[in-house]
Amino acid sequence: MTEEYDVIVVGGSNAGGVAAAAAAEKGGKVLVIDKESNSSFLFRNTIASLNSKAQQKAGIKINKWELLDYLELFNQDHVDQRLLSLWADQSGAVMDWLDEKVLQPNGAHLYAEKDAYSETLTNKAFPTGNEVTKNERERDRGWGRYVMEFDQKLGVDFKYLTRLEHLVTNQENRVVGVEVTDLTNNQVYQIKAKRGVILCTGGYGADRALMQKWNPSGLSTNVYAQSPRNNGSGILAAMEVGAVKDDQPASIVFDRGGAFVGTNAKTFYDQSDWRVKGYLVLGSYPLLKVNLNGERFFNESAPYQFAMNSLTKQPGNLEVMIWNEETMKHLDQFHTLGCSRLGWPGILDEAGQRAKVEEKLKQGYIQKADSIEELAAKMHLPKDKLVKTVKRYNQMCAQGEDTDYGKEKYRLFPVDKAPYYAVTLGGVLLDTLDGLSVNTEMNVLNEKREAIPGLYAAGNCAGGFFWGSYPDRVPGLTASHAIVFGRLAGLNIMK
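Under this note's numbering, the first residue of the sequence shown is numbered 945, with each subsequent residue one higher.
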């Protein structure tokens, strides 16, 4: 082994950057390796917590047990409740650490949004989100570099363009280092870790074979994977030394994957770039949506991933969203939450939404027409069925009651005036969330549920916290899971 550290962190994004800081704060000599040339741009802006100082300032009080009960019901207890409780107890303090130690010295801070309005059980929401901002008008999208700079001030070393190949163990099966490839010269070498290794390598959404093996329905309903670096390398390396992972899939999916008319979702799966070509935030609005037979088939007012789950029972595993110019004047009526919220702290305001529609129209993802019949032809939908569907939908909007699927009155808006728009939508997989089994110390476990000495995991390569669909009505939970457990992993490995 050519080099020696106390701790090696594999993966330099949300979980890894924070894990490195925690271990270094405890006096550890820490190395972060990452196969890309940079990772600071990957840090997410909405981060969930209970009782952060930012939330206290905003007057937000979330009942811990109500939230945990909701999450346990959402995942049907296919998770480790101890991990959920641990997150609930630690998330506020970790957000305060991030705010005070990392963000504020750089002129940024956490802003908590207290609006979590909902009317139905399906859409029950919690004001968990903390937004990274400098001016409370827009997101500070570059805040990942603050973490890197904080790490470097603590003495953390970074080796980019360095790919994990295998974990190195001793005769007692303790993880004592890593075998890596220097991608600048293809040199393979080993680095020693006296205390151990923390895996923060993300999920496996960029690997079609692993998706087919572990998450086949996700492969057939998602048209994009917004995690081109996440190929399951950390999970596979851990399994080589006896680790086990969740036996059922979990993922975070947004219903924003604009696709060209005629796309075959079962064969098209673009995982080439995190900047998804057809990405359309408007897809998360509960507008009129039909299947490829031109029929409305579900309540469009549901969590993002529920819409994509429903496509497994629809032809072509895709949906078509339909709206008109008048709809664009009333986007605030739909009162979406989280990153799809209209205006701050969402991603786009009305002008931004309009600009995106025009952009995707020019690129050919969106089609525009002067009649529903013309729209049907452009979208390759059965004309008579689509005309009938739109007519019935408009009638229910006029009467203020969705007698087919029960969508809330405030989310009903007619599609009765030209010009009309439509887009074919599939899922955007942000990442998979079924990862390695860990205990409350973030130690990775073997088949006997015993800790593998010297091996820890955090972020999306660590499991036990999510199952099936992502609860997007708890904004920022994935990023928080990574950051909170990343910090705990860094602290625990130094004990």
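Virtual Cβ for every residue (Gly too), placed ideally from N, Cα, C.
Alpha carbon of residue i to alpha carbon of residue j, nearest angstrom
i     : j     : result
L1330 : Y1365 : 13 Å
R1285 : T990  : 12 Å
N982  : F1102 : 10 Å
E1191 : Y1223 : The displayed chain sequence assigns Asp, not Glu, to residue 1191. About 30 Å.
G961  : V1428 : 11 Å
N1174 : D1199 : 20 Å
D1346 : E1239 : 15 Å
S1254 : L1305 : 26 Å
I1266 : S1245 : 14 Å
R1219 : A1321 : 30 Å
V1120 : K1300 : 49 Å
T1384 : E1109 : 27 Å
E947  : V1124 : 12 Å
L1098 : Y949  : 14 Å
L1042 : F1241 : 44 Å
D978  : V953  : 9 Å
D971  : E980  : Checking the displayed sequence, the identity of residue 971 turns out to be Gly instead of Asp. Between G971 and E980, the C-alpha separation is close to 27 Å.
M1155 : P1193 : 9 Å
L975  : T1256 : 43 Å
Three-state secondary structure (DSSP) of residue i
i     : result
V1038 : helix
G1140 : strand
G1162 : helix
T1271 : helix
Y1354 : helix
I1266 : strand
L1373 : strand
S1171 : coil
H1110 : strand
K1257 : helix
E969  : helix
A992  : strand
L898  : Absent from the model: residue 898. The displayed extent of the chain is 945 to 1439, so no value can be given.
R1336 : helix
D1348 : coil
R1240 : strand
Q1134 : strand
Cβ-based burial, residue i [other Cβ within 10 Å; buried from 16]
i     : result
S1413 : buried
Q1311 : buried
S1381 : buried
Y1213 : buried
A1187 : buried
N1129 : exposed
S1216 : exposed
H1324 : exposed
K1273 : exposed
T1368 : buried
D1378 : buried
S1315 : exposed
E1263 : buried
A959  : buried
W1031 : buried
Option in the options with minimal Cα separation from residue i
i     : options                       : result
V1122 : T1128, E1116 and R1107        : R1107
S1161 : L1373, G1407, M1092 and T1422 : L1373
L1292 : L1275, G1308 and Q1307        : L1275
D1084 : A1246, L1232, F985 and K1257  : F985
N1166 : G1379, A1150 and A1426        : A1150
A1203 : T1256, N1114, Y1168 and N1237 : Y1168
S1195 : E1269, V1205, G1073 and F1250 : F1250
L1027 : Y1090, G1260, G1430 and M1340 : G1430
D1375 : E1116, G1147, Q1048 and N1019 : G1147
M1386 : P1415, A1362 and H1425        : H1425
D1021 : S1315, W1411, P1415 and A1342 : W1411
K1058 : E1075, L1047, A1342 and A1406 : E1075
R973  : V1100, Y1248 and A1060        : First, the amino acid is wrong: residue 973 is Lys here, not Arg. Looking at the Cα atoms, V1100 is the closest of the given residues.
N1261 : L1226, V1205 and P1289        : V1205
K1138 : L1163, K1157, V1112 and Y1248 : V1112
G1088 : V1046, E1317, A992 and G1003  : V1046
L1232 : V1225, T1271, K1221 and M1252 : T1271
P1172 : R1152, V1185 and E1318        : R1152
P1259 : C1283, P1247, V1234 and N1243 : V1234
N1159 : C1144, L1143, K1136 and G1176 : G1176
Q1277 : G1371, D1328 and Y1354        : Y1354
CB contact check: residue i to chain D, cutoff 9 Å
i     : result
L1143 : The structure shown has no chain D; it contains just one protein chain.
Heavy atom of the ligand SAM within 8 Å of residue i beta-carbon
i     : result
K1351 : For the structure depicted, the ligand SAM is absent and the ligand set is empty, with no information on it obtainable.
Specify whether the segment 1392-1404 and the segment 1333-1351 touch according to this definition: at least 3 beta carbon pairs, one from each stretch, less than 8 Å apart. no
For the segment 999-1009 against the segment 1053-1060, are there 3 or more C-beta pairs whose distance is under 8 Å? yes
Would you call the segment 1008-1017 and the segment 1034-1046 touching, i.e. three or more CB-CB distances under 8 Å? no
Does the contact criterion of 3 or more C-beta pairs under 8 Å hold for the segment 1351-1363 versus the segment 1396-1404? no
Inter-stretch contact (C-beta, 8 Å, three-pair minimum) for the segment 1178-1192 and the segment 1203-1210: no
contact_flag[the segment 958-977, the segment 1084-1101] where n(CB pairs < 8 Å) is 3 or more: Result yes; three or more Cβ-Cβ pairs closer than 8 Å.
On the three-pair Cβ rule with 8 Å, is the segment 1066-1082 touching the segment 1419-1433? yes
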